[in-house]
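Structure record follows, encoded as structure tokens.
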Amino acid sequence: MPQEQTLSLIKPSSVTANQIGGIINKFEEGGLKVVAAKMVRLTENQAKDFYGVHQGKPFFGELISFMTKGPILAQVLEGENAIQKNREIMGATNPAEAAPGTIRAEFAHSMTENAVHGSDAPETAEKEIAFFFDKKDIYGTI
Ligand code: UDP
Ligand code: MG
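Going by this note's numbering, the letters in the sequence shown line up with residues 891 to 1032, in that order.
So this is what it looks like as structure tokens:
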């Protein structure tokens, strides 16, 4: 399996609820390494741009309002098969369907406030990492 990098966001509700440490612990226990991190508060335009693929869907307005209501923690995670592994550690989008032990099973507050974002494919990972980080600020091995 190849070494990969993926983008992770800890969403506003989990930053506010003091759950950053618990969530990062899940990544580290799962074999992923944090190789870049910063706290940012997205503007409405930035959130709409980041989640552009969901524009027009019924939950879009609620998602943008939620993602801009406080700071998020953006991270680059690195490891073997990191993109898929991160999705497994996160659990299903709907926390009611998330497997026991996953981040969303333990930390999500609702379908929208579901604790974390993770890239879903190599192309989106590259694009989403570049959205938040300059290459020089990523301390990975690839
Ligand atoms: N979302 C929502 N309602 C839905 C589907 C998605 O509020 O019915 C939100 C939720 O925060 C989710 C995000 O929109 O994480 C992006 O949706 P996606 O289908 O890409 O899920 P993810 O990749 O985050 O698991
Ligand atoms: Mg998605």
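Every residue gets a Cβ at the ideal spot worked out from N, C-alpha and C, and that includes glycine. Here the structure is a predicted model, which is why all the values come from computation and not from measurement.
Exercise. Can you tell which of G960, P1012 and D939 has its C-alpha closest to the C-alpha of K834?
Worked result: Residue 834 lies beyond the range of the chain shown here (891 to 1032); nothing can be said about it.
Exercise. Taking C-alpha atoms, which residue in G920, Y1029, E1016 and F997 lies nearest to F940?
Worked result: Walking along the sequence shown from the start, residue 940 turns up at place 50. Ranking the options by Cα distance to F940, first place goes to E1016.
For this session: Check whether the segment 931-939 touches the segment 985-1001, counting contact only when three or more Cβ pairs, one atom from each stretch, lie closer than 8 Å.
Result: no
For this session: Compute the Euclidean distance between the alpha carbons of A927 and I1019, then round it to the nearest angstrom.
Result: For the purposes of this step, residue 927 is identified with residue 37 of the sequence shown, where counting begins at 1. For the purposes of this step, residue 1019 is identified with residue 129 of the sequence shown, where counting begins at 1. Approximately 11 Å, taken between the alpha carbons.
Exercise. Going by beta carbon distance, what residues of the same chain come within less than 8 Å of G921, once the five residues before and after it are set aside?
Worked result: As a working mapping, residue 921 is identified with position 31 in the sequence shown. Excluding residues within five positions, the ones whose Cβ falls inside 8 Å are G969, E970 and K975.
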